[in-house]
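Below is one structure, written out as structure tokens, with a few remarks after it.
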Amino acid sequence: MRIHWASVMVDDQQKALRFYTETLGFKLKHNIPLGEHAWITLVSEEAPEGTELVLEPDEHPAARPFKKALVEDGIPWTGFAVDDVEAEHERLAAKGVRFVQPPTDLGTVVTAVFDDTCGNLIQIQEEKPQP
Amino acid sequence: MDVYRAIADPTRRAILDELVDRSGQSLFELCARLTMKHGINSSRQAITQHLDVLETAGLIRTRREGRSKLHWFEGGPLQAIAERWPISTDERTFER
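Chains as they are written, first to last, in the numbering used here: chain R, 165 to 295; chain F, 126 to 221.
As structure tokens, then:
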């Protein structure tokens, strides 16, 4: 068994596609129209055969209240690994991405949290080498 | 709850320390800092209760920014303590 996809629930698939590719820099892998919505998956350029991120419409009635409650408490439900949180923060902030938590050194890890403009908070994190 | 009981608890003092370190934190960020920097592994629900106590005592304020609820340290009540029992700089106090 392998972990093949993980989903983020987005309020608008096309807006999400732009943000996750143009702003964050992920690559489109699948974009299959399915009536009103589409099956859209993305991969990292660093791992084109790796786990795919599904941009899932948040249409289920339970989805939006759930997302709202997470954002209210500042909880990022999805996280991405980066080599350098400070550098990513600088790169994304310059593109207008809103950070709700700037880079924060938590000892074993550095984290930051931003708004994906589609109703989610996303954490980026960098593992620090341990002595 | 009054300010004295509010700061009697070590977890609540750690919360204030972290809010002094950075103003305007979400519940998530506070919990992460308490776990990673203080080894405090209380549930989010327990931390919410501590935050309620601190807010009732006037030691923190909350505000919505975007759709998130953020927390700020408010030092006013502690200032009032220092005014009630001023720190004497008069050496004669000790000479009697």
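Just so it is clear, CB atoms sit at the ideal spot from N, CA and C, and this is done for glycine as well. A quick note: this is a predicted structure, and the numbers were derived from the prediction, not measured.
Neighbour flag for residue i against chain R, beta carbons, 8 Å
i	result
Glu154 (chain F)	yes
Ser167 (chain F)	no
Gly200 (chain F)	no
Cβ of residue i within 8 Å of any chain F Cβ
i	result
Leu270 (chain R)	yes
Gln294 (chain R)	no
Ile288 (chain R)	no
Gln265 (chain R)	yes
Ile167 (chain R)	no
Lys259 (chain R)	no
Gly238 (chain R)	yes
Asp176 (chain R)	no
Asp248 (chain R)	no
Residue burial classification, residue i (beta-carbon count within 10 angstroms, cutoff 16)
i	result
Tyr129 (chain F)	exposed
Ala207 (chain F)	exposed
Asp127 (chain F)	exposed
Ser168 (chain F)	exposed
Ala131 (chain F)	buried
Gln265 (chain R)	buried
Asp248 (chain R)	exposed
Gly201 (chain F)	exposed
Leu184 (chain F)	buried
Those residues which DSSP pairs with residue i across a bridge
i	result
Lys191 (chain R)	R:Val207
Gly243 (chain R)	R:Gln287
Pro197 (chain R)	R:Ala202
Met173 (chain R)	R:Glu220
Phe263 (chain R)	R:Phe278
Asp269 (chain R)	R:Val274
Segments assigned beta strand (DSSP E), at least 3 residues, entirely inside the stretch 143 to 216 of chain F: 185 to 190, 193 to 198
With three or more C-beta pairs closer than 8 Å as the rule, is the stretch 169 to 179 of chain F touching the stretch 260 to 278 of chain R? no
Taking three-plus beta-carbon pairs below 8 Å as touching, is the stretch 249 to 256 of chain R in contact with the stretch 232 to 241 of chain R? no
Does the stretch 151 to 162 of chain F touch the stretch 194 to 212 of chain F, meaning 3 or more C-beta pairs lie closer than 8 Å? yes
Can you confirm whether the stretch 190 to 203 of chain R touches the stretch 211 to 223 of chain R when touching is taken to mean that 3 or more C-beta pairs between the two stretches lie within less than 8 Å? yes
Using 8 Å as the Cβ pair cut-off and three pairs as the minimum, do the stretch 223 to 233 of chain R and the stretch 178 to 190 of chain F touch? no
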